[in-house]
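Following: one structure in structure tokens, then a few remarks.
In this note's numbering, the protein residues as written are 857 to 1239.
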């Protein structure tokens, strides 16, 4: 009677796996095959594994529109002041290095927006936490903000309040406002213009900035100084740029975020739809506070079943959101964090999607995100 043997295939390229000849397709070390016999895992041939490793270890594309950098050159040349606007929800804590290198030579004020998206029992305490978080993020890149302000769309400050804030920090200099697309720059400027009294000889304009192709809003603050709103910085390393419009709508909060809490045991994975996951590789069971939009569902899954879940969920969509752009492992990056053991609250944030907050106790946490998306571990922004 003939003998039958189950052949294993590479989960990515489909080649039959073999351990005899490293020069031929489908090669995989015999030790990896042995681990499969002990506990089923998704297997990749050495060639595919190496390719995915290159993808995982590639640096984020933090490049910035050259025209924006040209405008910031003018800011540096005139010793202008900078207002950097941060969307507190979508921000992961990663700042584009080319912009940092320009503006760190200047005085920088920071405005954190979207504060209304966070539930709070003590507004003053929450605002102080946000300020401490932003101060620590900017300190990492060598910027010490001269002022930090936290705002939300429900704030009842007068229309002229932002102009007074701008006048206070600029000290007679021009002001340049920078921030990512969707950071809230335009909302701030529109609110500033309500009831704005232009006492200068110049008009408010939105024109092509000299020497560039970028259209810039300029508001005269006096006869000799202006505030310039620069075009939004690219979202190229945000989840928002990696998924289709319907998924963008699901991961963008429309109301205050309802915090979800899950206690994850060692060896299990916290899945956020099919977009991202947090696996507790080592350490004691950990409580994760999950800050995502209402359209992002989460679930705890045993690690051995997780890869199969991702494939199945693309079809059944039992846990949303699901993006058609994320089809296999090569569409994701994988990072591993070893937390400090200091008992402090820490965030692991994914640009554009949200974050989880936890108490650092020396855990090892593996984070799966769409390829080339920003992910960063920072001081907790709210706790």
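By construction, the Cβ of each residue, glycine as well, lies at the ideal position given by its N, Cα and C atoms.
Quick caveat, the model's predicted, so the values are computed rather than measured.
Residue(s) in a DSSP beta bridge with residue i
i            : result
residue 1128 : 1132, 1154
residue 1215 : 1201
residue 967  : 941, 1005
residue 1206 : 1210, 1231
residue 1116 : 1146
residue 1061 : 1074
residue 1223 : 1134, 1191
residue 872  : 865
residue 1089 : 1036
residue 883  : 874
Cβ distance (whole Å) where residue i is taken to contact residue j below 8 Å
i            : j            : result
residue 1232 : residue 949  : 4 Å
residue 974  : residue 1113 : 6 Å
residue 1228 : residue 917  : 6 Å
residue 1038 : residue 946  : 7 Å
residue 864  : residue 899  : 6 Å
residue 1001 : residue 964  : 5 Å
residue 1068 : residue 926  : 5 Å
residue 1212 : residue 1144 : 4 Å
residue 1128 : residue 1154 : 5 Å
residue 1103 : residue 1186 : Rounded, the Cβ-Cβ distance is 19 Å, inconsistent with contact.
residue 1161 : residue 1141 : That pair is no contact at about 18 Å.
residue 931  : residue 938  : 7 Å
residue 1022 : residue 944  : The Cβ separation is near 20 Å, so there is no contact.
Opening and closing residue of the beta strand (DSSP E) in which residue i lies
i            : result
residue 1055 : Unbroken run through residue 1055: none, as it is neither H nor E.
residue 1033 : 1031-1035
residue 1083 : 1082-1085
Distance between residue j and residue i (C-alpha atoms, nearest Å)
i            : j            : result
residue 1247 : residue 1025 : No answer is possible for residue 1247: the residues shown for the chain start at 857 and end at 1239.
residue 1126 : residue 1060 : 50 Å
residue 1006 : residue 928  : 24 Å
residue 942  : residue 1164 : 37 Å
residue 1123 : residue 1223 : 13 Å
residue 998  : residue 1209 : 26 Å
residue 1152 : residue 1175 : 8 Å
residue 1181 : residue 884  : 28 Å
residue 1106 : residue 1150 : 7 Å
residue 889  : residue 1093 : 35 Å
residue 1048 : residue 1098 : 33 Å
residue 993  : residue 1139 : 27 Å
Residue range of the alpha helix (DSSP H) that includes residue i
i            : result
residue 980  : 979-996
residue 1107 : 1101-1107
residue 1023 : 1017-1026
residue 1160 : 1159-1172
residue 1044 : 1041-1049
residue 926  : 922-933
residue 956  : 953-959
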